Every structure is written in structure tokens, then in C-alpha cells.
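The next block holds one structure in the form of C-alpha cells; read it before the comments.
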Amino acid sequence: MSQNSNTPHNKNQTTFTLDGKTIPFSEGQTIIQAAMAAGEYIPHLCFNPEFKPHGSCKICTVTANGRQTASCTQQPQVDMMVESDTKQINDERRALLQMLFVEGNHFCPSCEKSGDCQLQATAYELDMMSPHFDHFSPNRPLDASHGEYLLDFNRCILCSLCARASSDVDGKNVFSLAGRGIKTHLIVNSKSGKLADTDFTGDDKAAHVCPVGVIIKKRVGFAVPIGKRSFDEHPISATPHPIVKGAI
Amino acid sequence: MSFVLETATNPENLRRVAIDPVSRVEGHGKVTILLDDKNKVHQVRLHIVEFRGFEKFIQGRPYWEVPVMVQRLCGICPVSHHLAASKALDAIVGAKHLTPTAEKMRRLMHYGQILQSHALHFFHLCSPDLLFGFDSDMAKRNIVGVAEKHPEIARQGVLLRKFGQEVIRLTAGKRIHGTGAVPGGVNKSLSLAERNELLKDIYQMVSWSRGAVHLVKEMHHQNPELYNSFGAFRANFMSMVGFDGGLDLYHGQLRARDESGNILFDGVDYQNYTQIIEEEVKNWSYMKFPYLKSMGKEKGWYRVGPLSRIQNCDFISTPLAEIERRDFIEYSGVMPMHAPLGYHWARMIEMLHAVEMIKDLLHDSDIMGSDLMASGERGFEGVGVIEAPRGTLIHHYRVDENDLVTMCNLIVSTTHNNQAMNEAVRRVAQQYLHGHEITEGLLNHIEVAVRAFDPCLSCATHALGKMPLEVEVLDVTGQQLSSLSRSSENVISTKLSAL
Ligand code: SF4
Ligand code: FES
């Protein structure tokens, strides 16, 4: 898949190996950034190349010189042996995905983000056939108060990308993760807790980064037909920038 | 009020034959028959547990999600719900008139659905009974038996259905859980390549559909005693007809006729359905019993579906189906046909009509157009009606100013037919079971009567997902005599235990 995989690396460039392929990297890059730059896919959800890594979902876990680590936060070392696409790691990733699916309410067949959703696309990539665990079926009402955008908390995977985008790019701090552990949840920072009572707009970066279907532009729904959605033609691993439409 | 055989006078002295499900989770259907020790029938009831979970589930969801979400109601005809919901929600986005491309694409999808559903029902589910006899050898009375004895018929059935599914895939994006129709229009039209792919086989489909009508017609002519009387009862008819009075399965206005064929009402705007239909609750059934308000509970119940539609319309716009409709009307004579087995004949005429419509639409360049969406003044309430394969399907929604659904009411065809199916089961019990030892063959007669209506229990119960049905016959001591089961694919199998 990678164009660089078998190119002999130039002497001045530092490299590591990812699943046997030579990957060049430069100072300050993380494993996943170097891999992406080389056209290699490492599954991930809370990582988005435009933002500081958060290191929370653990889908990007690899072994680096035999030790498990999150590739979105770990920097490579020269000649480091990194393994990503192994049965053991993929089994663990699949289990993490299954937990994400049962913690929220993810009904792919009737979700408008279907085909554009990174959670779904990653689940396909990792051959997740069923949720395996019992569904938590939480009761999470929507926030439809805003005129242009809707929040469907049922689908939140707590990646914090919206919070990072809102504070780091928009300078607004509209979203936060509150609570701890299993009680962690997304909140809207306004007195009423409603989106309508914030200064959020559709031009915000935060409106376009959600990898799943929480932050939804209203009245668009299923306007894009099946066959024309982001991941219809290519699996997420072969999509150049595996970020949902609108995020780039 | 109570109908003949609805309620026995001394139920405590009677033997109970129950046709009951295993799982009570998602709603279910069941037939109970009360017999005395001479096997005389005293009471027959078809109960379908109507599970209104879905209406609750949809409340609080954004309206644009609904046409896709409602497909979870039914694994058998999801496209009908998809279209009925889209039609209802057109009013929310103020789309009074769809673009020609949108309307034609939706119609194409709908006719694909009619074709695949009618073909499945007739060839897979009913042709074994009709070709081999209702109490023929159970081992052969299935589609595999048909494939052995009549391989050509079985093959055509499979390919007709497949063609219908292809039409759905190309209009909705997928065979199930497609997204083609959206409030205000559609999200795609056909490409030239897609159109040509369908055109390739369409003439073959027309000819096979015609053959299917002739096959059922032949059956009626060969055995009129059976076909005209089996489970027969008289009832009113209701359906949507086109604005010109012709058969129109996608759009039009409501019309009803009494049992003699006289018009009861006509030209009713379906947005006002609550003014003409009332739903009665009975203490022994969870499924409501709709009736025409103007006629009252006792006289106002009615029948929907192919038998109603073919006799309710003034004509059929496509020529081959129109010839067949005339034959049907002529065969029935001065009075309308009331026999449940007439449903099969009417159903095949509709299938032929659907295929002819598909053919015409494929020759219409609008289906390759690019003007897909219409909009207008925002609305807050909408009713969508479609003639689904099984009959009139009503979707009704209210949406608040934040775009969330606040109210949802659905009346599906199986609910419209509730009283009619009960009547059919009672007639058959009286005609065939009364005074006889119960055998599998006799019980299958009950199934044949229910099946003629092509009831869809998963829609009727508004359950989430598909619902399997289990049927049990018990003796006085509670011992199981026999059982019938319907898998979630609507395939029915029968097991005799201790007869
Ligand atoms: S709303 Fe979306 S972007 Fe924000 S935390 Fe949840 S999943 Fe991540
Ligand atoms: S992508 Fe690295 S932890 Fe989520």
C-alpha cells in the first residue's frame, strides 16, 4: 500500500519499522504521524492530524520494541520495531470497538452518518461482526435547541475532538468532557446546558470534526446517496485522509 | 359488540386450541379455537399483539431520519414504510409537489417493492398450497416441492423477485435499509448504465408476470367451488385510488365500497383519514379494529389489499393488467369477489401492473434527471399514505419547531384487515374443522386463509425487527397436539406431535 515501503532510506534520515516496512520520521513526530505521512494506516479514533493527540481511545495501540503503547502519543526511536497489524492487537482493538458500540446507541442502518462514520468504518476495517457485549442502552435525549445543528449524544465516543477544536481553534470552549471513568460524558458549556445558548455556529471548526454522528447539521439527513459516501468506495485504511468529510 | 363465533356462550366447558408464540418480547400473533368434546367449534379468535413501541421510539428523533428509521419496522416490506414516511414528511419541508424525477424515482422504487413482495408471497409462500392442495403431503408442500414438480414456475418466481430487488437497489441504494427517498424528494436518479441494466430483462419480466396471472386464473376456473367459497365472507372494501379513479399504488385519494360494490365514499383527501376511520379496542385483542366511522363498528369494518384495490378502481392504466382486471371482474359477475383466495389472483394482476409501470418508467428520461428536491413553507404535521403490497399504509407525524418528532401514528394494512382476517379464520373453522378430528391438513386450512391476506405480523405489531410466530394446539389437559411456526423470514413450517 505504501509507496515508501521498499524504498531504501537515505542515510541522513532516521527510520523505524512498522510491520516490517521502513518508515522515515523526523524529530517530534509520533508513530502514527510518521506512518500516515508514509501512507500507512494505523487504526485510530481520537486522533486527528490537525489536533494535539488526546491518547484516550487506545484504538491506535501498537507494540513498540515489544511494549504496548498508543501510537498517537508515542514518538518513535531510531530502528524501533513497531507492530500494528497483528492478530493479537487487532483482537484487542476489536474488543475496544465493541465496547464503544454497546456503551452508546449506535444504530448504523438508520444513522445518517452511516458511510461517513469513522467508528463504523473502523469496525468494518477490523472485521467486527457483532457487538459481542450486552448493550448498555443508555437514555440520552437529543439537544435540538440550536437552529442549524443537532446533538445526538447517543453516538458520542468521548474522543474530545469537538472540545479540542472549540477551545484550540475556535477559542470558544463550547464542549467539554465531564465526569470520570464510565460516567464521562459530553457537556455543552452554557447555563442551560443547551447548544442554543452558546455562541456555537456552523462556521466553527468544532462543527466539522466529530468522527461519528453527534454533531449533525440539521435538515441534511440522507442527502448523499449510498455509493457516494466517504467510505463507500474505499475502506478507511485506503482513504487518503481518514477524516470524515468536512473535517479537512 | 360481538360477531358470530367471536365469543362462545359457555367457554368454561370447552377445549382450547391455541396457536401461540414462544417469545412474548416483541409482540406476536396467535389463533385460539374453542372446541367441545364433539370437536364442534364455538369460538375462534385471531389475536395479534400490537406493540406500539415503535411510535414511542420515533418520538424525539429528528424528522429527516424517520424514512430510514421506519424501515426497521419490517423486514418484509421496508420500502413501503420508507415511502409512506417520506410522503408524510414532504409536508414538513413544504414540498407540495415533487419534481418529476423525484416522483418517478419513488414510484419506480415502489413498483420494485410490489413486484418483489408479490412474487415472494405467491411463488414461495402460497404456490405450494395452491399447486398441491391444502392438505397434500406436508413434506412436498413447500417451495422445494414446487421446484421439483414445476421447475419453470419456481425459477420464474425467484427471478421476478430478484428483478424487483434490483429495482429497489438501484433506486434506494441498497436492497434493504436504502435511503433513496428523503423528505422533499429523492437523493439519486438512475444513471444511463443503471437504466440499461434494468431494461435488458424487463420484457421477460412482463411476460412471466402475465404467465403468473394466467396460472391463478386457471386455478379459479378449474375449481370454482373451492376458490369461490373457501373462507368467503362479505365485507366493505377500502383503498387509495388515483385522482382519475384508476389503480394507483403510490398516490391518490381514498375510496370505499360496500359489500355490493356501491361507493361509500370517494375522493377523500387522506390528510383527513381520522375523520373517516376510527379504531376500536377489544378486551381480548391488543390489535385495534379499525372501522369506517360513518357505518359504525358493526357494519363499518373493511378489507384492504389487492382484492380491494382491483375491485375498487375504475380501470388500470397499463394495457395488459387492464385486460386481466376485466377478466377478473367478469368472472366475479354482478357482485364483487369476496373469496379470500381471490386475493392471489388480484395480487398477480397488480404484479403485472407493477412490471408494466417499471417498463414505462424505464423509458421515461425523467428518471435520469438531476432535479431531485422540492421545498416550500415549513409545515408541522403530515400524513403519508401508500398502497403497500398488503394494503393501505398510513403514516402520520407531528414535528416541533426544533425538528423533532412529537407524535407518530401508523395504521398498517394488517391492522385494517384485523376483523376481515378474523372472519376468514372463523369461516374456515366452521367449514372444515367443525366436527372433525384436528389434523395438520385441517390446521393448514386456517393458515391458508390467514396467508391469503399476506399479513405482516412484524409491521402489525410495530415490533422492532422481525417477529417469529409459533402456533400450538393444546388439548384439555394442556398437552400439545401440534405446532406451527413461522420464521422471521415468514416461512411457515408445521410439526405434528401427538395427534
Ligand atoms: S461529540 Fe463527537 S467529537 Fe465530540 S467527543 Fe463526542 S464523538 Fe468526539
Ligand atoms: S487514536 Fe490514539 S488513543 Fe485514540
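Keeping their order, the protein sequence lines are chains B and S.
Position 48, counted from 1, in the first sequence is what our numbering calls 48; the numbers after and before it change by one each time, with no gaps.
Each number in our numbering corresponds to the 1-based position in the second sequence with 1000 added.
Each residue gets a CB set at the ideal place from its N, CA and C atoms; glycine is no exception.
The model shown is predicted, which means the values in this text are computed figures rather than measured ones.
- Between N154 (chain B) and R164 (chain B) the beta-carbon gap is near 21 Å, outside 8 Å, which marks them as no contact.
- For Q33 (chain B) and R180 (chain B), the gap between their C-alpha atoms comes out near 29 Å.
- Remark: the shortest separation between the CB of F200 (chain B) and any heavy atom of the ligand SF4 does not fall under 7 Å.
- Within the model, the alpha-carbon separation for I1358 (chain S) versus D1248 (chain S) is close to 13 Å.
- The shortest C-alpha to C-alpha distance from V1268 (chain S) to any of S:Q1165, S:D1366, S:G1391, S:R1255 is the one to S:R1255.
- Contact annotation, A1452 (chain S) with L1341 (chain S): C-beta distance approximately 6 Å; criterion of less than 8 Å satisfied.
- Per DSSP, reduced to three states, the secondary structure at R67 (chain B) is strand.
- Not one beta carbon of chain B lies nearer than 8 Å to the beta carbon of G1246 (chain S).
- Under the Cβ criterion of 8 Å, V1068 (chain S) is counted among the residues facing chain B.
- When the Cα atoms are used, A207 (chain B) and D1090 (chain S) turn out to be separated by approximately 27 Å.
- For P141 (chain B), the chain S residues whose C-beta falls within less than 7 Å of its own C-beta are G1060, listed in chain order.
- Within the same chain, Cβ atoms closer than 7 Å to the Cβ of T1007 (chain S) are found at Q1043, the five residues on either side in sequence being excluded.
- Within the segment 1251-1269 of chain S, not one residue has a Cβ closer than 7 Å to any Cβ of chain B.
- Residues of the segment 1186-1204 of chain S whose Cβ lies closer than 7 Å to any Cβ of chain B, in chain order: N1187, K1188.
- Assigned with DSSP and collapsed to three states, F107 (chain B) falls in coil, not helix or strand.
- C57 (chain B) has its Cβ nearer than 7 Å to a heavy atom of the ligand FES.
- DSSP, read as helix, strand or coil, puts D1037 (chain S) in coil.
- When beta bridges are read from the DSSP output, F231 (chain B) appears opposite no residue.
- The beta carbon of L1292 (chain S) does not come within 8 Å of any beta carbon belonging to chain B, so the residue lies off that interface.
- Here the segment 1144-1159 of chain S does not lie against the segment 1322-1342 of chain S, with fewer than 3 beta-carbon pairs under 8 Å apart.
- Inter-residue distance for E1225 (chain S) and R1326 (chain S) is about 21 Å (C-alpha atoms, whole angstroms).
- Counted as a single uninterrupted DSSP element, the stretch harbouring K1174 (chain S) is not any beta strand (DSSP E), since DSSP gives it neither H nor E.
- Three or more beta-carbon pairs drawn from the segment 1057-1074 of chain S and the segment 1400-1420 of chain S are found closer than 8 Å, and the two stretches are therefore classed as touching.
- Listed in chain order, the non-local C-beta contacts of A1321 (chain S) below 7 Å within the same chain comprise I1349, L1352, H1353, E1356, local neighbours out to five positions each way being set aside.
- Nearest to H234 (chain B) by alpha-carbon distance, out of B:Y124, B:K58, B:E103, is B:Y124.
- Here Q33 (chain B) carries a helix assignment [DSSP, helix/strand/coil].
- Closest option to E92 (chain B), judged by alpha-carbon separation, among B:N105, B:K228, B:T63, B:S114: B:T63.
- Relative to the non-hydrogen atoms of the ligand SF4, the Cβ of V1146 (chain S) never comes closer than 7 Å to any of them.
- Membership of N1312 (chain S) in the alpha helix (DSSP H) is indicated by the continuous run 1306-1312.
- Taking the Cβ of L177 (chain B) as the reference point, every heavy atom of the ligand FES lies at 7 Å or farther away.
- An exposed status is given to V1004 (chain S), since fewer than 16 other beta-carbon atoms sit within 10 Å of its beta-carbon.
- Beta-bridge annotation (DSSP): V188 (chain B) is paired with B:F175.
- Neighbours of L1404 (chain S) across chain B, judged by C-beta separation under 9 Å: L142, A144, L150.
- Excluding its 5 nearest sequence neighbours in each direction, L1192 (chain S) has C-beta neighbours in its own chain below 8 Å: M1368, listed in chain order.
- Here the alpha carbons of K1200 (chain S) and D1400 (chain S) stand approximately 46 Å from one another.
- Distances taken from the Cβ of V214 (chain B) to the heavy atoms of the ligand SF4 include one shorter than 7 Å.
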